[in-house]
Structure formats: structure tokens, C-alpha cells
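Colleague: Throughout the sequence shown, residue numbering follows the working numbering, covering 419 to 706 in sequence.
Can you keep this structure in mind? I'll have questions shortly.
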Amino acid sequence: MSDNTADARQMSTMADLNAILDGGMVYFRARHLLQRCGVEDPHAHLFVSRAVQRRAGLAYTANPAVIEVSLGRFAFFSAQMATAAKALPQFLLLGVGYDTRALWLKDLMRGDLRVFEVDLPDKIAHKSEILSRNGIDYPPTVVAVPGDLTDEAFPARLVENGFDPSRPTAVFAEGLFFQLRPESIERLLDPNHLGLAPGSELTFDFWSNARLDRRNRMEAASGRPYRFGRFPLPDTRGDLPAALMARGFRDVHIAPVRDVVEQCCPDMPLTDESEDPDDWLVVRATVR
Numbered sequence: 419m420s421d422n423t424a425d426a427r428q429m430s431t432m433a434d435l436n437a438i439l440d441g442g443m444v445y446f447r448a449r450h451l452l453q454r455c456g457v458e459d460p461h462a463h464l465f466v467s468r469a470v471q472r473r474a475g476l477a478y479t480a481n482p483a484v485i486e487v488s489l490g491r492f493a494f495f496s497a498q499m500a501t502a503a504k505a506l507p508q509f510l511l512l513g514v515g516y517d518t519r520a521l522w523l524k525d526l527m528r529g530d531l532r533v534f535e536v537d538l539p540d541k542i543a544h545k546s547e548i549l550s551r552n553g554i555d556y557p558p559t560v561v562a563v564p565g566d567l568t569d570e571a572f573p574a575r576l577v578e579n580g581f582d583p584s585r586p587t588a589v590f591a592e593g594l595f596f597q598l599r600p601e602s603i604e605r606l607l608d609p610n611h612l613g614l615a616p617g618s619e620l621t622f623d624f625w626s627n628a629r630l631d632r633r634n635r636m637e638a639a640s641g642r643p644y645r646f647g648r649f650p651l652p653d654t655r656g657d658l659p660a661a662l663m664a665r666g667f668r669d670v671h672i673a674p675v676r677d678v679v680e681q682c683c684p685d686m687p688l689t690d691e692s693e694d695p696d697d698w699l700v701v702r703a704t705v706r
């Protein structure tokens, strides 16, 4: 049995799926492929290990085209973060993984901006240990919050760590909702659950349920036991805005991820996946 096959059969939880996707993406960022989008991740190489390289192989084997789009999405989200930092005083990065933009993206390094990074305790601890070992410390404006986003009581941990629900907040959930169960996604798409003040902005991406079903069939055919969770709200550009507005949002903007990548990274060649462009969407909405 190959290393990749053995790894794949052991990936049986959402945390393991997170490890494949996050580890794979940090590996490809470390190979300087983002330069085509005018972005350079200076810390990505610190997180590359043999295990991360194996995870990158799994991600690439599952779908080579997703690498290009995910890298372009990273550049697009970076641009959105830079824009939001000029208008909002507080950031909340959900499922942050090995993302270190709060330490190098210039607009996020403002002295009066508070950035809260959230992920599972093991991931936060591992990330912090690697950064510390390489002489990189979190500035006082960045707070790493270990916690489980599937825990209904998690928002209380945010407040305990200094999050101020009265301040408008820029919330980013990049590549997160593929990894959560529907009930957890529903809670995170409720501004009241996280205690988001009016004027807060939420930016996230998600896969349609048709795409999720196709990917689940591919995983099952490959003998991998983990599964992608379904998206619990209407998953089309036509129906999702009304559902989000009913939850307390306004100014809902939705676009296919490939469109925003092509706009943000015109020099990034995108493989034709021969799939409906609406199968992977990026959403930005403001809390009323």
C-alpha cells in the first residue's frame, strides 16, 4: 500500500479533511505559485513537511484544477481583506489554518485593528509553535483563539478572548464550509450566533450540493471514508440572497469563484473543469 493510500484511509474525520485541504494549499503557496496573482506568502514554507507534501498529493490527485482556483481564491480573499481593513475595526478569521496573512498583509497590520484567528486547538498550537520556533511572534493586535466552530457555545470563547460584539467586524470563512456539518454552517450564517454588530461584513465561499455529491462519489470510489458536508441554505445565485436577507443580511453579492479569480489573477491559467461555474460560489454580505 502506498503512503498516499494509507494516509487517505486514515482520513476519517472533518479535522482530517481540514488537514488535507489546509496542508495541501500551504504547500502550493510555498511553491510561489501566487506570484502570478501579485501575492507572495512569506511564511508558507515554514509549514511544509513530508506529511504536508503527502496531503498536497492527495488534494492534487482528487482534483488538479482545484489547486489553481484555490490559489486564486487566496489572492482574491487577500484583496477583500485589504479593502475591509480600511473600513472595519475588527477581523474574525474562521478556520484560519496555516494562513498567516494577519502577520504580513500590510493592511491587517494596522495598530488599531484587532484580528481574531480561530481554529481547532491542535491546529492553533502547532501553528504557533512553528512560528515561534522561527522567531515569529504574534503582535498584540492578533489573537489566536483555539476552539471548535461546531460548538454552539463557541462565541462565548471569542468574547473571553477580547472579541467585542459591539464593533463592526469583517468575518472571513475561506474554504471552511466544505468541512463542516450543515447545522454548524447554519449557525455561522446567523449574525446573532456570532454576535455580529450592524455593518459587519461576512465573506465566504461554498460548493453547491450537486458538486458536493459528485465529490463524495469520487471519494467513495477511491476508498476514502471522509465526506464533504452539504450546504444547508439554497445553493443557487438566484435563491441564496433571499435566504441570507431573511437571516439579517443586506447587500448580498454572489459570484462564481472562477470569475473572481480571473478578475484578480488574469495571469493564473485555469484548467477547464467542465463543470457548472455556479458549483463554486463566493458570497459577500453585510449585517443589517
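C-beta atoms are modelled at their ideal positions from N, C-alpha and C, and glycine is treated no differently.
1. Going by the CB atoms, is the gap between T518 and H461 shorter than 7 Å?
2. Would you kindly work out how many angstroms separate the C-alpha atoms of R655 and V444, rounded to a whole number?
3. May I ask you to report which of helix, strand or coil DSSP gives P708?
4. Could you pull out every residue in the same chain whose Cβ sits closer than 6 Å to the Cβ of L594, ignoring the five residues on either side in sequence?
5. Suppose contacts are defined by Cβ-Cβ distances below 7 Å. Is P600 in contact with G647 by that definition?
6. Under DSSP, the alpha helix (DSSP H) around D540 begins and ends at which residues?
7. Classify P539 as buried or exposed, calling it buried when 16 or more other Cβ atoms lie within 10 Å of its own Cβ.
8. Here's a check: name, in chain order, each residue in its chain whose Cβ is nearer than 7 Å to the Cβ of D685, leaving out the five neighbours to either side.
9. Would you call T587 buried or exposed, if buried means 16 or more other Cβ atoms sit within 10 Å of its Cβ?
10. Suppose the cutoff is 7 Å on Cβ atoms and the five residues either side in sequence are ignored; what does the same chain contact list for F446 look like?
11. Is the distance from the Cβ of S626 to the Cβ of D697 below 7 Å?
12. Just the C-alpha distance for V536 and A543, rounded to the nearest angstrom, thanks.
13. For T501, count neighbouring Cβ atoms within 10 angstroms of its own Cβ and tell me buried if that reaches 16, exposed if not.
14. Since R491 contacts D623 with CB under 8 Å, what's their CB separation in whole angstroms?
Modeller: Considering the structure as presented:
1. yes
2. 30 Å
3. Nothing about residue 708 can be read from this structure; the chain reaches only from 419 to 706.
4. L512 and G513
5. yes
6. P539 to R551
7. exposed
8. R454
9. buried
10. A474, I485 and L489
11. yes
12. 11 Å
13. exposed
14. 6 Å
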